[in-house]
Amino acid sequence: MSENVARRGFLVGGLGGAALLAAGCTSNEPAAAPSSAAAAPAPAASGNDQPGTKVTIGFSAPAADHGWIAAIAKNAEATAKQYSDVDFKPVEPTNDINQQISAVESLIAQKVNALVILPNDGQQLNQVALQATEAGIPVINLDRVFPDKLAYRTWIGGDNYGMGVAAGHFIGKQLKDKGVSNPVIVEIQGIATLPLTQDRSKGFADALKTYGFSVTAKQDAKFTVETGNQVATSLLQAHKKIDAMWNHDDDQGVGVLAAIKEAGRDEFIMVGGAGSLNAMKEIQSGTSVLKATVTYSPTMASSAIRLARLVAQGKGMSDLVENSVPQSITLASETITKDNVDKYLELGFES
């Protein structure tokens, strides 16, 4: 959830033409002025991008009450519009599990040619994804994975464990270089019960362990600005000195940073998560405790639409030897710092 990711490890060149793990963050084409979602990637110059069989692609995602999710929806729609052979059918976004199940069932009833689903919860929507597959509709599972591999044709998403590893290595190296021993390291998660959050925390702990460090305290902030503010305030009050903080999500990070500024604390370094434009500008300023953010980009929605189109048309990726689209695509996570932030600014999404 940010619920993913800007990285030179992204599918942005056009899945119709390649599975290029070599480009950017939230979007794909540089924009004159960044907005809540950067422009969707331009179609790649390959035979796969030529008009083919007309296909209808259904799309379902949570409500866009979070910058990363809003960018997911915008990227999906913008990419679908690039193809004259795609009829894009999004359903009403919702955070209600039962409503999302009903919405997906309506798309199944319409006999769409492919479905792109970012579930509120993969476990709870697993059965309806199975229904789609059993009805002969290929499902492109976006980000939050369905536990049953029979429920989807292809999964595409960010590397949650890799986000934690990237954050842990940045913090670990910074503290080691400063000669800090027994550091106080706090972690602000998204939603603690989600597997993606647990993967991020495990990656973080594993990376810190290589430096002989561990997390002092962690608390989840539900991916919201308000809760991010409350949790950060609580942690700052509980720890009079902090050496490093990792906040999993740049959207909730707006509240976290506000709490830090309100408390007048600047003795520690902070790492964010996802690669929002807001976070990048904080990093660029050089005056913030926020020194880096590890990427998890909503460009994955653009790639998911392209994958759905290829699967529905019976095509593969032209840069691969195999005739079919892969079953799983994991996007890499990269660390954005003051040294490289200029390369990513046009790719950021608004929190």
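In this text, residue positions in the sequence shown follow UniProt numbering: the first is 1, and each later residue adds one. Note that the Cβ used here is the ideal one computed from N, Cα and C, for glycine as well.
- Leaving out the 5 sequence neighbours to the left and right, which residues in its chain are closer than 6 angstroms to ALA217 when beta-carbon positions are compared? As a working note, residue 217 is residue 217 in the sequence shown. Result list for ALA217: VAL186, in chain order.
- Message: Can you check which of these residues, SER297, GLY162, ARG144, ILE188, is closest to VAL215 by C-alpha distance?
- Response: Numbered from its first residue, the sequence shown carries residue 215 at position 215. VAL215 has its Cα closest to that of ILE188, out of SER297, GLY162, ARG144, ILE188.
- Start and end of the beta strand (DSSP E) containing ILE188? The residue labelled residue 188 in the question sits at position 188 within the sequence shown. Segment 185-189, the beta strand (DSSP E) holding ILE188.
- 8 angstroms CB neighbourhood of TYR83 in its chain, flanking five on each side removed: As a working note, residue 83 is residue 83 in the sequence shown. Taken in chain order, the residues that qualify are PRO43, ASP49, PRO51, ARG309.
- How many angstroms separate the CA atom of LYS240 from the CA atom of ILE269? What you label residue 240 is simply residue 240 of the sequence shown in a count that begins at 1. What you label residue 269 is simply residue 269 of the sequence shown in a count that begins at 1. For LYS240 and ILE269, the distance between alpha carbons rounds to 14 angstroms.
- Message: Just to confirm the assignment, what range does the alpha helix (DSSP H) spanning GLY67 have?
- Response: Taking the sequence shown and counting its residues from 1, the one referred to as residue 67 is at position 67. Element bounds for GLY67: 67-80.
- Could you work out which residue in ILE156, PRO93, PRO195 is closest to ASP121 when comparing CA atoms only? Translated into positions along the sequence shown, residue 121 becomes position 121. Closest option to ASP121, Cα to Cα, is PRO195.
- Query: From ASP85 to LYS54, what does the alpha carbon distance come to, in whole angstroms?
  - Reply: Locating residue 85 in the sequence shown gives position 85, counting from the first residue. Locating residue 54 in the sequence shown gives position 54, counting from the first residue. Distance between the alpha carbons of ASP85 and LYS54: 4 angstroms.
- In angstroms, rounded to a whole number, what distance separates the CA positions of ASP220 and GLN198? Reading the sequence shown from its first residue, position 220 is the one you call residue 220. Reading the sequence shown from its first residue, position 198 is the one you call residue 198. Whole-angstrom Cα-Cα distance: 11 angstroms.
- To the nearest angstrom, report how far apart VAL271 and ARG144 are at their CA atoms. On the sequence shown, position 271 is the one that residue 271 refers to. On the sequence shown, position 144 is the one that residue 144 refers to. Looking at the two C-alpha atoms, the distance is approximately 23 angstroms.
- By Cβ distance below 7 angstroms, which residues in the same chain neighbour ALA192 in space, the five residues on each side in sequence not counted? By 1-based counting over the sequence shown, the position of residue 192 is 192. Its chain contains ASP220 as the residues whose beta carbon lies nearer than 7 angstroms to that of ALA192, once the 5 sequence neighbours on both sides are disregarded; these appear in chain order.
- Query: Straight-line CA distance for ALA263 to GLN127?
  - Reply: Taking the sequence shown and counting its residues from 1, one reaches residue 263 at position 263. Taking the sequence shown and counting its residues from 1, one reaches residue 127 at position 127. The straight-line gap from Cα to Cα measures roughly 47 angstroms.
- Query: How is PRO90 classed by DSSP in three states: helix, strand or coil?
  - Reply: Walking along the sequence shown from the start, residue 90 turns up at place 90. Here PRO90 sits in strand by DSSP.
- Inter-residue spacing [alpha-carbon to alpha-carbon] between VAL139 and VAL225: On the sequence shown, residue 139 is found 139 positions in, with the first residue counted as 1. On the sequence shown, residue 225 is found 225 positions in, with the first residue counted as 1. Cα-Cα distance, rounded: 32 angstroms.
- For MET163, name the three-state secondary structure that DSSP assigns. By 1-based counting over the sequence shown, the position of residue 163 is 163. Helix, per DSSP.
- Paired residues, beta bridge with GLY348 - DSSP: In the sequence shown, the residue the question calls residue 348 occupies position 348. In the DSSP secondary-structure assignment, GLY348 is not bridged to any residue.
- Task: Could you tell me if PHE349 is buried or exposed, where buried requires 16 or more neighbouring beta carbons within 10 angstroms of its beta carbon?
- Result: The sequence position of residue 349 within the sequence shown is 349, counting from 1. Buried: at least 16 other Cβ atoms inside 10 Å.
- Which residues does DSSP pair with ASP245 in a beta bridge? By 1-based counting over the sequence shown, the position of residue 245 is 245. The question names Asp, but residue 245 in the sequence shown is Met. In DSSP, MET245 forms a bridge with VAL186, MET270.
- Item | Cut-off 8 angstroms between Cβ atoms - residues of its own chain near GLN174, not counting five sequence neighbours on either side | Mapped onto the sequence shown, residue 174 falls at position 174. Here the set comprises ALA244, ILE269, LYS291.
- Message: Quick check: the Cα distance between MET300 and ILE72, rounded to an integer number of angstroms?
- Response: Along the sequence shown, read from residue 1 onward, the residue named residue 300 stands at position 300. Along the sequence shown, read from residue 1 onward, the residue named residue 72 stands at position 72. Going from the Cα of MET300 to the Cα of ILE72 covers about 8 angstroms.
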